[in-house]
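Have a look at the structure below, then the notes.
Protein chains: 2
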Amino acid sequence: MKVIEVDLGKRSYPIYIGDSILADKELIDKQITSHQVLVVTNETIAPLYLKSIVNNLAGLDYDVLVLPDGESYKSLDCFNQIISRLMEKKFNRTCMLIALGGGVIGDLTGFVAACYQRGVKFIQIPTTLLAQVDSSVGGKTAVNHPLGKNMIGAFYQPSAVLADTSVLSSLPDREFSAGLAEVIKYGLIRDREFYEWLENNIDLLIQRDNKALIYTIERSCINKAEVVAQDERESGVRATLNLGHTFGHAIETGLSYKHWLHGEAVGCGMLMAADLSMRLGLLEQEQVDRIKRLLVRAKLPIKIHKDIKLKQMLENMKVDKKSRDGILYLILLSDIGQATITADYTEQALTETINHFLE
Amino acid sequence: MKVIEVDLGKRSYPIYIGDSILADKELIDKQITSHQVLVVTNETIAPLYLKSIVNNLAGLDYDVLVLPDGESYKSLDCFNQIISRLMEKKFNRTCMLIALGGGVIGDLTGFVAACYQRGVKFIQIPTTLLAQVDSSVGGKTAVNHPLGKNMIGAFYQPSAVLADTSVLSSLPDREFSAGLAEVIKYGLIRDREFYEWLENNIDLLIQRDNKALIYTIERSCINKAEVVAQDERESGVRATLNLGHTFGHAIETGLSYKHWLHGEAVGCGMLMAADLSMRLGLLEQEQVDRIKRLLVRAKLPIKIHKDIKLKQMLENMKVDKKSRDGILYLILLSDIGQATITADYTEQALTETINHFLE
Numbered sequence: 001m002k003v004i005e006v007d008l009g010k011r012s013y014p015i016y017i018g019d020s021i022l023a024d025k026e027l028i029d030k031q032i033t034s035h036q037v038l039v040v041t042n043e044t045i046a047p048l049y050l051k052s053i054v055n056n057l058a059g060l061d062y063d064v065l066v067l068p069d070g071e072s073y074k075s076l077d078c079f080n081q082i083i084s085r086l087m088e089k090k091f092n093r094t095c096m097l098i099a100l101g102g103g104v105i106g107d108l109t110g111f112v113a114a115c116y117q118r119g120v121k122f123i124q125i126p127t128t129l130l131a132q133v134d135s136s137v138g139g140k141t142a143v144n145h146p147l148g149k150n151m152i153g154a155f156y157q158p159s160a161v162l163a164d165t166s167v168l169s170s171l172p173d174r175e176f177s178a179g180l181a182e183v184i185k186y187g188l189i190r191d192r193e194f195y196e197w198l199e200n201n202i203d204l205l206i207q208r209d210n211k212a213l214i215y216t217i218e219r220s221c222i223n224k225a226e227v228v229a230q231d232e233r234e235s236g237v238r239a240t241l242n243l244g245h246t247f248g249h250a251i252e253t254g255l256s257y258k259h260w261l262h263g264e265a266v267g268c269g270m271l272m273a274a275d276l277s278m279r280l281g282l283l284e285q286e287q288v289d290r291i292k293r294l295l296v297r298a299k300l301p302i303k304i305h306k307d308i309k310l311k312q313m314l315e316n317m318k319v320d321k322k323s324r325d326g327i328l329y330l331i332l333l334s335d336i337g338q339a340t341i342t343a344d345y346t347e348q349a350l351t352e353t354i355n356h357f358l359e
Numbered sequence: 001m002k003v004i005e006v007d008l009g010k011r012s013y014p015i016y017i018g019d020s021i022l023a024d025k026e027l028i029d030k031q032i033t034s035h036q037v038l039v040v041t042n043e044t045i046a047p048l049y050l051k052s053i054v055n056n057l058a059g060l061d062y063d064v065l066v067l068p069d070g071e072s073y074k075s076l077d078c079f080n081q082i083i084s085r086l087m088e089k090k091f092n093r094t095c096m097l098i099a100l101g102g103g104v105i106g107d108l109t110g111f112v113a114a115c116y117q118r119g120v121k122f123i124q125i126p127t128t129l130l131a132q133v134d135s136s137v138g139g140k141t142a143v144n145h146p147l148g149k150n151m152i153g154a155f156y157q158p159s160a161v162l163a164d165t166s167v168l169s170s171l172p173d174r175e176f177s178a179g180l181a182e183v184i185k186y187g188l189i190r191d192r193e194f195y196e197w198l199e200n201n202i203d204l205l206i207q208r209d210n211k212a213l214i215y216t217i218e219r220s221c222i223n224k225a226e227v228v229a230q231d232e233r234e235s236g237v238r239a240t241l242n243l244g245h246t247f248g249h250a251i252e253t254g255l256s257y258k259h260w261l262h263g264e265a266v267g268c269g270m271l272m273a274a275d276l277s278m279r280l281g282l283l284e285q286e287q288v289d290r291i292k293r294l295l296v297r298a299k300l301p302i303k304i305h306k307d308i309k310l311k312q313m314l315e316n317m318k319v320d321k322k323s324r325d326g327i328l329y330l331i332l333l334s335d336i337g338q339a340t341i342t343a344d345y346t347e348q349a350l351t352e353t354i355n356h357f358l359e
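Take a look at the structure:
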């Protein structure tokens with residue numbers, strides 16, 4: 001088992017990574033530090049892994065809330081539903097929440113933990129690759145608003161993250177690849193060595209080789225933990241973690257969050273960011289091609305979904321959270337392993353990039 | 001004009017106190033540091049003071065949201081309504097909210113500011129005595145849940161508080177007295193000298209003498225700011241600010257938040273806390289009588305509302321946020337000017353106190 005510490009002073013916490021975490025009764029018991037526990041999960045995950053958590057809760061005042069599966073449940077309605085359950089159970093501010101699921105369950109449950117009685121403890125048990133390498137680490141919690149994703153939320157850190165690689169065996173191929181997009185991102189923005197390791201090991205990873213998986217999750221979490229420790233509330237360097245996300249969100253919004261997974265949109269978005277970087281003279285064409293090859297091997301899309309038009313892309317990009325006083329800052333690449341935040345690009349270059357990726 | 005700094009490192013902010021703050025265009029202009037501004041207020045306050053704020057917003061992309069007046073609008077529904085307005089206006093994370101009103105508007109708007117895009121700036125312009133001396137300072141934001149008050153919220157600091165004493169002239173007498181309860185509280189828990197000043201000046205204060213008002217608000221804010229600077233997230237000493245609140249909340253819940261104002265319930269609750277302190281040998285009977293005399297002069301109730309029964313009081317007290325693992329901690333007094341947090345009391349003494357205050 002690997003342990004990574006996210007260093008945030010009083011809000012520091014460990015990430016445990018291994019292939020039998022959920023079976024490690026002693027480890028789980030040690031994390032549960034309250035007599036009042038609510039497990040939040042969804043209908044897909046509950047039949048698979050809920051039992052191994054509940055087994056650890058005997059003797060406690062606990063309850064389980066099982067939501068339907070899907071992004072549309074990352075809503076203020078479900079937030080209120082969880083809060084109501086906590087109130088009905090008369091749980092006080094020493095209670096603890098456990099988020100057992102992917103990014104939707106983690107973000108939603110984390111936001112409830114941030115707000116219930118102005119903050120209670122919670123544990124993340126991510127069950128997708130994307131959640132294990134990205135959304136469960138770093139304290140970004142949120143729900144969606146009908147007019148925008150993650151628009152209602154808080155920075156709120158969990159007290160521990162438990163990433164069990166064995167749960168990834170049940171993950172559909174497309175979801176696995178979607179998680180790889182965020183993994184590749186860490187290499188691109190700040191870890192060239194890891195990027196090269198990925199180029200050499202992507203086939204092993206696609207086969208879900210356990211050793212490769214543990215290394216991938218560990219290295220991803222180390223990168224994320226370092227960035228978050230430097231800039232918890234995203235006033236600077238943390239924004240680089242959004243490489244590909246402004247393009248990606250615009251695609252997702254254009255598709256009304258259907259057809260494509262978040263990681264797929266981010267994968268395509270990263271290649272678009274690389275392409276724009278090339279047009280601005282920051283990156284070589286050969287480096288863009290190299291990124292494209294890795295994304296293809298990771299089974300990620302490299303063209304924008306056919307339902308999307310240029311005008312729509314441009315408009316959707318403008319409402320991004322990274323827009324400041326009407327200026328849209330983008331995360332671009334000045335090398336493989338080196339990100340830059342800039343508003344120094346032309347509308348023409350941006351248009352050329354989008355056109356290049358339209359089907 | 002008096003300026004008090006709330007010392008919270010990066011989250012520090014000033015409280016401006018004076019009798020012509022809202023007319024001070026230069027001061028207000030200096031506080032508004034965004035091009036996108038949403039003013040949130042209510043139907044009672046809007047006709048009186050909205051204009052003087054809006055006059056400062058010419059040339060900016062601003063909007064105003066006027067809610068109905070009342071505690072029932074401190075809800076997740078109104079929270080969502082404000083968020084929706086921000087989304088419709090396409091306001092980004094550099095926008096700013098202005099809360100113009102009493103505690104309901106301040107707590108609700110502050111909670112929206114805490115959550116919109118994971119946190120945007122906001123200014124508190126409190127228009128009641130209670131909000132000026134208590135709720136607008138210290139960063140406690142929240143909305144109510146149908147099963148409990150302030151159950152959904154965040155610790156989130158404003159970027160400035162503007163307390164204009166001239167707006168208090170339009171405040172109904174009962175609301176003014178309710179604010180005095182929180183003022184007297186600061187004297188009781190940590191500022192004996194201020195308490196004695198209040199004993200000597202309460203009649204002047206009741207007449208809303210401007211000099212006495214400014215001194216009262218200043219001294220109250222200094223006390224609150226010192227406590228909050230020591231313990232922002234209420235893991236220790238900040239809990240003493242809740243003197244009388246556990247009793248008070250139980251009364252409010254028993255009355256379904258009708259008939260009595262929050263400050264009235266707190267006033268009666270403080271006397272109950274003093275009475276229980278006396279029964280436990282912490283305080284002299286003479287000191288309890290002295291507190292009672294000041295509350296009477298401040299026109300605050302000193303008996304529990306007649307609709308409330310003993311059993312109901314005991315049950316309502318148990319669901320308090322200060323309950324930890326089933327043990328209810330109470331804020332009591334060991335002297336005038338000296339609070340103590342304790343679970344070291346008997347059910348019998350508590351019952352005697354409640355019985356003593358039942359009509």
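Heads up: the sequence lines are chains A and B, in that order.
Using my numbering, read the first sequence as starting at 1 and increasing by one per residue.
Using my numbering, read the second sequence as starting at 1 and increasing by one per residue.
Glycine is no exception: its CB is placed at the ideal position from the N, C-alpha and C atoms.
Quantities reported herein were computed from a predicted structural model and do not represent experimental measurements.
Inter-residue distance for residue 140 of chain B and residue 159 of chain B is about 14 Å (C-alpha atoms, whole angstroms). Taking a cut-off of 8 Å for Cβ pairs, the region 10-18 of chain A and the region 44-55 of chain A do not touch, as fewer than three such pairs fall below it. The Cβ of residue 152 of chain B sits closer than 7 Å to at least one Cβ of chain A. CA-CA distance, residue 208 of chain A to residue 147 of chain B, rounds to 47 Å. DSSP, reduced to helix, strand and coil, places residue 169 of chain B within a helical segment of the structure shown. Fewer than three pairs of CB atoms, one per stretch, sit closer than 8 Å, so the region 198-216 of chain A makes no contact with the region 257-277 of chain A.
Of all C-beta pairs linking the region 324-339 of chain A to the region 183-190 of chain A, three or more are shorter than 8 Å, placing the two stretches in contact. Check the Cα spacing between residue 116 of chain A and each of B:245, B:261, B:151: the tightest is with B:151. At least one beta carbon of chain A lies nearer than 7 Å to the beta carbon of residue 148 of chain B.
Residue 297 of chain B has its alpha-carbon roughly 7 Å from the corresponding atom of residue 203 of chain B. For residue 253 of chain A, the enclosing alpha helix (DSSP H) stretches over residues 245-254. Scanning its chain for C-beta atoms nearer than 8 Å, with the 5 sequence neighbours on each side dropped, one finds around residue 353 of chain B the residues 272, 275, 276, 279, in chain order. For the region 87-139 of chain A, the continuous alpha helix (DSSP H) assignments of 4+ residues that do not extend past its boundaries occur at 103-115, in sequence order. By the criterion of a C-beta distance shorter than 7 Å, residue 73 of chain B is surrounded in its chain by 67, 104, once the five residues flanking it on both sides are discounted. For residue 76 of chain A, the closest Cβ of chain B is nearer than 7 Å. Separation of residue 4 of chain B and residue 62 of chain A (C-alpha to C-alpha, rounded to the nearest whole angstrom) is 45 Å.
Judged by DSSP secondary structure, residue 348 of chain B falls within the alpha helix (DSSP H) whose first and last residues are 347-357. C-alpha of residue 53 of chain B to C-alpha of residue 22 of chain B: approximately 7 Å in a straight line. Residue 211 of chain B is bridged by DSSP to nothing; it lacks a bridge partner.
Within chain B, not a single residue places a beta-carbon under 8 Å from that of residue 242 of chain A; the smallest gap is close to 13 Å. Where residue 154 of chain A is concerned, the enclosing beta strand (DSSP E) starts and stops at 148-155.
The beta carbon of residue 89 of chain A sits no closer than 7 Å to any beta carbon of chain B.
Residue 4 of chain B does not reach chain A, its nearest Cβ partner there being about 23 Å away, counting only Cβ pairs nearer than 9 Å.
Within its own chain, the residues whose Cβ lies closer than 8 Å to the Cβ of residue 351 of chain A, once the five positions on either side in sequence are excluded, are 310, 314, listed in chain order. Residue pairing by DSSP puts residue 141 of chain B in a beta bridge opposite B:154. Within chain B, the residues placing a beta-carbon under 7 Å from that of residue 319 of chain A are 90, ordered along the chain. Listed in chain order, the non-local C-beta contacts of residue 253 of chain B below 7 Å within the same chain comprise 316, local neighbours out to five positions each way being set aside. The shortest C-alpha to C-alpha distance from residue 167 of chain B to any of B:87, B:132, B:142, B:233 is the one to B:132. Taking C-beta separations shorter than 8 Å and ignoring five residues to either side along the sequence, the partners of residue 14 of chain B in its chain run 3, 4, 5, 6, 160, 161, following chain order. With distances taken between CA atoms, residue 58 of chain B lies nearest to B:29 out of B:291, B:108, B:80, B:29.
Going by DSSP, residue 18 of chain A is part of the beta strand (DSSP E) stretching over 13-18.
In the structure shown, the three-state DSSP call for residue 334 of chain A is strand.
About 5 Å separates the Cβ atoms of residue 101 of chain A and residue 41 of chain A, confirming a contact at the 8 Å cut-off.
Per DSSP, reduced to three states, the secondary structure at residue 181 of chain A is helical. Under a 10 Å Cβ-count criterion, residue 126 of chain B is classified as buried, with 16 or more other Cβ atoms of the shown protein chains found around its own Cβ. Going by DSSP, residue 65 of chain A is part of the beta strand (DSSP E) stretching over 61-67.
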